[in-house]
Amino acid sequence: MAAAPVGRKETRGARRTPLTVRQPTTLPASQQARPAATRAAILGLGVHVPARVLTNDDLAKIVDTSDEWIVERTGIRTRRIAEPDQAASDLAVPASSAALRDAGLSASDLDLIICATTTPDMIFPATACLVQDRIGAAKAGAIDLLAACSSFVYGVITAAQMIESGVAQHVLVVGAEVLSKLVDWKDRTTAVLIGDGAGAAVLGPSQNSGILSSVVGADGSAGDLLKLPAGGSRIPITAEAIQQGLHRARMDGQAVFKLAVRVVPDAIRQTVQKAGLTLDDIDWIVPHQANQRILEAVARAMDLPFGRFICTIDRYGNTSAASIPLSIWEALRDGRIKDGDHLVLVAFGGGFTWAACTLIWGR
Ligand SMILES: CC(C)(COP(=O)(O)OP(=O)(O)OC[C@H]1O[C@@H](n2cnc3c(N)ncnc32)[C@H](O)[C@@H]1OP(=O)(O)O)[C@@H](O)C(=O)NCCC(=O)NCCS
């Protein structure tokens, strides 16, 4: 494919050169960036977080921890926690409505809803069906997508494929999580990390912006590092399972940390190369927010300035599938992300899963 100019703002600073989508000759045709006419872009974004703020000092009253330890080891200062009667769909619905308003579309324009969640209201019906009903998206199909904290990026990539293939025109991807309901509030190694929230994106076709390339990956052999043992068909919820605490999330934090620092740089490099770009062309990396130290280690490993990573973990903690849309939203609000910017979204999580995509921000 011939080099195609892409619409973007003027370059900033010396590291940039006028940008074109370059196709490296080494990549097979199936891995080359798609032509602009068939791209899918994020047309609108919306978020919703619970009102209740839980500080590190609040947590120190529940478990043996301190503000100093949590800030130093994770970067987290506060997180939002859902009320007892708030489920994932209660966060997903307002986030989705806000995304539709931002896109200038109505629920009846949606062809598909993908709810990216590890904490669905129930196993079935899918939380996406509950959202479909509550926002009145009568024409839309609805599925849940579970790739733990990678679910939102997996969802965006899936939505883009549906749009590019012509199966759907407008797809809502909503990451909605209430990890507070699954965490063991007596376990200081997990309780201090998590937060609740939702972020939604409406995707549709775009001529000038949108997703250039994507990468998905998994290593099922590392599934035990991060899991919720009970509640499925292997270990149904029983009094005995509850007695053993199998209905609460478990994690080998150090192993997860090391795996994340290994897979995330590779995923970023692969998606950027597939897009025919170099790391210098990327304005912002929007990573899943699990631990600020993981992001700093990734930046060091890639020899990138940490300032190019959007980091919002201090305010929200790890909100799993909601963390990337929440971070994009924050960076749009404070003026960092602008139309024409090149973004890499990159996520990792239980499974072990990872996913990344490169996109030009804008409609
Ligand atoms: C969980 C995590 C924050 C722990 O940080 P760490 O620097 O690896 O800390 P360690 O596990 O080595 O523990 C160090 C010490 O702090 C203690 N500690 C653990 N959690 C603590 C807490 N919340 N408050 C105070 N002390 C704590 C440990 O008991 C240990 O004490 P010891 O030295 O007396 O044995 C970190 O490993 C991490 O973030 N891992 C990745 C988790 C993740 O990303 N999960 C989601 C993936 S999507």
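So the sequence shown is numbered by the working numbering: it starts at 36 and just counts up by one.
Each residue gets a CB set at the ideal place from its N, CA and C atoms; glycine is no exception.
Quick caveat, the model's predicted, so the values are computed rather than measured.
Suppose contacts are defined by Cβ-Cβ distances below 8 Å. Is residue i in contact with residue j by that definition?
i: residue 306; j: residue 212; result: no
i: residue 391; j: residue 302; result: yes
i: residue 116; j: residue 231; result: yes
i: residue 177; j: residue 164; result: yes
i: residue 341; j: residue 322; result: no
i: residue 360; j: residue 235; result: yes
i: residue 208; j: residue 233; result: no
i: residue 82; j: residue 364; result: yes
i: residue 244; j: residue 398; result: yes
i: residue 109; j: residue 89; result: no
i: residue 185; j: residue 382; result: yes
i: residue 355; j: residue 375; result: no
i: residue 276; j: residue 265; result: yes
i: residue 239; j: residue 380; result: no
i: residue 149; j: residue 206; result: yes
i: residue 291; j: residue 134; result: no
i: residue 287; j: residue 330; result: no
i: residue 319; j: residue 272; result: no
i: residue 258; j: residue 386; result: yes
i: residue 298; j: residue 252; result: yes
i: residue 146; j: residue 204; result: yes
i: residue 227; j: residue 111; result: yes
i: residue 216; j: residue 154; result: yes
Where does the unbroken beta strand (DSSP E) through residue i begin, and where does it stop?
i: residue 384; result: 377–384
i: residue 254; result: Taken as a continuous stretch (DSSP letters only), residue 254 belongs to no beta strand (DSSP E), as it is neither H nor E.
i: residue 88; result: 88–90
i: residue 148; result: 147–151
i: residue 349; result: Careful: residue 349 lies outside any beta strand (DSSP E), inside the alpha helix (DSSP H) at 348–351.
Does DSSP put residue i in a helix, a strand or coil?
i: residue 114; result: strand
i: residue 58; result: Reliability of the predicted coordinates at residue 58 is poor, the pLDDT of 43 falling under 50, and the value obtained from them is presented with this limitation in mind. In this structure, residue 58 counts as coil in the three-state DSSP scheme.
i: residue 130; result: helix
i: residue 393; result: strand
i: residue 317; result: coil
i: residue 398; result: coil
i: residue 388; result: strand
i: residue 188; result: helix
i: residue 175; result: coil
i: residue 262; result: strand
i: residue 277; result: helix
i: residue 135; result: helix
i: residue 93; result: helix
i: residue 341; result: helix
i: residue 158; result: coil
i: residue 206; result: strand
Cβ of residue i within 7 Å of any heavy atom in ligand 1?
i: residue 297; result: no
i: residue 213; result: no
i: residue 289; result: yes
i: residue 104; result: yes
i: residue 392; result: no
i: residue 346; result: no
i: residue 292; result: yes
i: residue 325; result: yes
i: residue 223; result: yes
i: residue 91; result: no
i: residue 353; result: yes
i: residue 228; result: yes
i: residue 113; result: no
i: residue 153; result: no
i: residue 384; result: yes
i: residue 100; result: yes
i: residue 303; result: no
i: residue 306; result: no
i: residue 359; result: no
i: residue 108; result: yes
i: residue 247; result: no
i: residue 261; result: yes
i: residue 329; result: yes
What are the boundary residues of the alpha helix (DSSP H) that residue i is part of?
i: residue 165; result: 162–170
i: residue 360; result: 358–368
i: residue 78; result: Element bounds for residue 78: not the alpha helix (DSSP H) but the beta strand (DSSP E), 75–83.
i: residue 300; result: 288–309
i: residue 330; result: 327–337
i: residue 106; result: 102–109
Counting only C-beta atoms, is residue i closer than 8 Å to chain C at any point?
i: residue 221; result: Although the question refers to chain C, the structure presented lacks it and comprises just one protein chain.
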